[in-house]
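Here the sequence shown stands for residues 38 to 293, numbered as in our numbering.
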Amino acid sequence: MADWSAQQYLKFEDERTRPARDLLAQIPLVDARKVVDIGCGPGNSTELLVNRWPEASVIGVDTSADMLRQARERLPAQTFIEANIAHWVAPAGTEVLFANAVFQWVPDHIKQLKRLVGALPPGGVLAVQMPDNLDEPSHILMREVAYLEPWRKQLSKAAELRDSLPKPGAYYDALQPLCSRIEIWHTVYNHALADATAIVEWVKGTGLRPFVDPLEPPERKAYLAEYTARIAASYLPQADGKVLLKFPRIFIVAVK
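Written as structure tokens, this is what we have:
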């Protein structure tokens, strides 16, 4: 895929930051000296961590140059590193590993979560949130349109970039032997957006990227037109004209 767009992502900053706030609220550590924001994006989640632990060393890690550029502009006093989480190792003594909406993109991510928890000191916390929305119309329709002509040849493998998330029990069984405490829960958000086009704008910044990035501009325009029409038919307006984007997410807080 092409690089992530911080500008596109931040069109819905408040809604995208809400799960990070909810995840952070469940971390039991009062004090922390070393904190890492894995998949920090444009720094909106990193800012929450800095405000929660103002005396801590807070590092942001991401693979996207554009996201890191935005994060550095937002928080010039913090350290941001370009790195792939599959190969990244936390600095010694890190007490909080915070990951807001990143591990759904990481192959075999349970293995990576076990590795990260294993490296924490006693009492350290891994806090993870992931979208669990592949069975929602917003994502089902991406795949449906991708299998149509003339996009089938280019996009038939796009859906394979993200697997459905394992059940909560799989995370529990993998992490519980490494932890003194583990909490797992789902939250279903219903984001009130202006209209169906706003839903398309939302997913352009994340889940839709594997489907539109490979296309040339004319093909992309046609794909988006077909997808938008199907979104409009699936997300009907409320009484005030807005539409509700149902968005399930899974949360994990693992204490070493």
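Note that CB positions come from ideal geometry on N, CA and C, so glycine has one too.
Test item: CB-CB of residue i and residue j under 8 Å
{"i": "Val292", "j": "Gly160", "result": "yes"}
{"i": "Phe248", "j": "Met179", "result": "yes"}
{"i": "Ile287", "j": "Ser175", "result": "no"}
{"i": "Glu119", "j": "Leu105", "result": "yes"}
{"i": "Ala102", "j": "Pro79", "result": "no"}
{"i": "Val154", "j": "Leu202", "result": "no"}
{"i": "Asn137", "j": "Ala57", "result": "yes"}
{"i": "Val139", "j": "Gly76", "result": "yes"}
{"i": "Glu84", "j": "Arg53", "result": "no"}
{"i": "Tyr184", "j": "Ile147", "result": "no"}
{"i": "Arg199", "j": "Gln149", "result": "no"}
Selection from the options that minimises the alpha carbon distance to residue i
{"i": "Arg55", "options": "Pro247, Ser175 and Tyr226", "result": "Tyr226"}
{"i": "Gln115", "options": "Asp145, Val240 and Asn81", "result": "Asn81"}
{"i": "Pro255", "options": "Ser193, Glu52, Trp188 and Thr234", "result": "Trp188"}
{"i": "Ala123", "options": "Leu212, Tyr184 and Val143", "result": "Val143"}
{"i": "Ala164", "options": "Ile64, Arg58 and Ala270", "result": "Ile64"}
{"i": "Val98", "options": "Leu212, Trp90 and Val126", "result": "Val126"}
{"i": "Leu60", "options": "His223, Ser271, Gln141 and Ala229", "result": "His223"}
{"i": "Glu197", "options": "Glu253, Lys258, Arg246 and Arg152", "result": "Arg246"}
{"i": "Phe284", "options": "Leu273, Asp51, Ser94 and Asp169", "result": "Asp169"}
{"i": "Val240", "options": "Lys194, Glu220 and Ile177", "result": "Ile177"}
{"i": "Ser271", "options": "Lys190, Leu86 and Ile236", "result": "Ile236"}
{"i": "Glu253", "options": "Leu157, Gln149, Val95 and Leu192", "result": "Leu192"}
{"i": "Glu238", "options": "Asn88, Asn121, Ile221 and Thr265", "result": "Thr265"}
{"i": "Glu173", "options": "Ala62, Gln149, Leu282 and Tyr184", "result": "Leu282"}
{"i": "Lys258", "options": "Val290, Arg89, Asp145 and Val182", "result": "Val182"}
{"i": "Pro205", "options": "Trp90, Pro251, Glu263 and Ile221", "result": "Ile221"}
{"i": "Leu157", "options": "Pro128, Tyr260 and Asp145", "result": "Pro128"}
{"i": "Ile289", "options": "Ala62, Ile96 and Pro113", "result": "Ala62"}
{"i": "Thr100", "options": "Asn121, Trp90, Leu86 and Ser94", "result": "Asn121"}
Span of the beta strand (DSSP E) around residue i
{"i": "Ala136", "result": "Val133 to Asn137"}
{"i": "Gln166", "result": "Val162 to Pro168"}
{"i": "Thr116", "result": "Thr116 to Glu119"}
Range covered by the alpha helix (DSSP H) that runs through residue i
{"i": "Glu50", "result": "Glu50 to Leu61"}
{"i": "Ile177", "result": "Pro174 to Ala183"}
{"i": "Ile147", "result": "His146 to Gly155"}
{"i": "Lys190", "result": "Arg189 to Leu192"}
Practice problem: Could you pull out every unbroken beta strand (DSSP E) segment of at least 3 residues lying fully inside the region 199-287, listed in chain order? | Solution: 218-230
Quiz item: With contact counted as at least three CB pairs below 8 Å, one residue from each stretch, are the region 117-133 and the region 63-71 in contact?
Solution: yes
Quiz item: Just checking, does the region 264-280 make contact with the region 203-223 on the three C-beta pairs under 8 Å criterion?
Solution: no
Exercise. Taking only runs that begin and end inside the region 75-113, name each unbroken beta strand (DSSP E) of 3 or more residues, in chain order.
Key: 94-99
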